[in-house]
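Undergrad: The sequence shown lines up with residues 2 to 150 when you count with this note's numbering. Just so it is clear, CB atoms sit at the ideal spot from N, CA and C, and this is done for glycine as well.
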Amino acid sequence: MPELKQHGIKIGRQVFDVLRNNHLLIKSKRCRTKTTCSYHHFNRYKNVIEAAIPQRCNEIWVADITYLWLKPQDKFCYLSVITDLYSRKIVGHCVHETLSVKGCIEALKMALKNRKNKALPLIHHSDRGVQYCCHAYVKLCRNKTYKSA
């Protein structure tokens, strides 16, 4: 509205209420940080947990990344978490400065280190982003004998 102010035209809140009530305001799009890139050349695994309900702890793990805004540093960092689907407990986590696979691998290593009853089968589920499908991450999953989903 700077153009209107230049001409000495003042607009109060009531004008915006009238515009909103008549659906004449354009909603601004929120800028969101992208944490998933599912368009990559790595192998994407099928979703085998679509309707699965876990019956015990350490049966299905779900991995995801979210971003955190660090106000004092005025920058983003990324939190990689691995959650046990049955107990909803975070079994592994790592805060990292970039979206690289390093944060995801550290979270996975923490989860594997704390895992009890390593003989039982485990399903690993993610959004199939590049971090979870890259060779280093998949290799670590295969070495620990569990299924990616």
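When you compare only the Cα positions, how much space is there between A108 and V131?
TA: 16 Å
Undergrad: Between which residues of its own chain and L86 is the CB-CB distance below 8 Å, once the five residues before and five after are set aside?
TA: I50, P55, E60, I61, W62, V63, H126
Undergrad: The alpha helix (DSSP H) that contains A108, what's its start and end?
TA: First-last of the alpha helix (DSSP H) with A108: 102 to 115.
Undergrad: Under the rule that 16 or more other beta-carbon atoms within 10 Å means buried, what is T84, buried or exposed?
TA: That one is buried.
Undergrad: Taking the alpha carbon of K103 as the reference point, which residue from L113, Y138, K117 has its own alpha carbon closest?
TA: When C-alpha distances from K103 are compared across L113, Y138, K117, the shortest belongs to Y138.
Undergrad: So I66 and S88 are in contact, right, with Cβ under 8 Å, and what is the actual spacing, rounded?
TA: Between S88 and I66 the Cβ distance is about 21 Å, and since that is not below 8 Å, they are no contact.
Undergrad: So, under 8 Å CB-CB, A1 and G93 are touching, yes? Tell me the CB distance rounded to an integer number of Å.
TA: The structure shown has nothing for residue 1, since the chain only spans 2 to 150.
Undergrad: By DSSP, does A64 sit in helix, in strand, or in coil?
TA: strand
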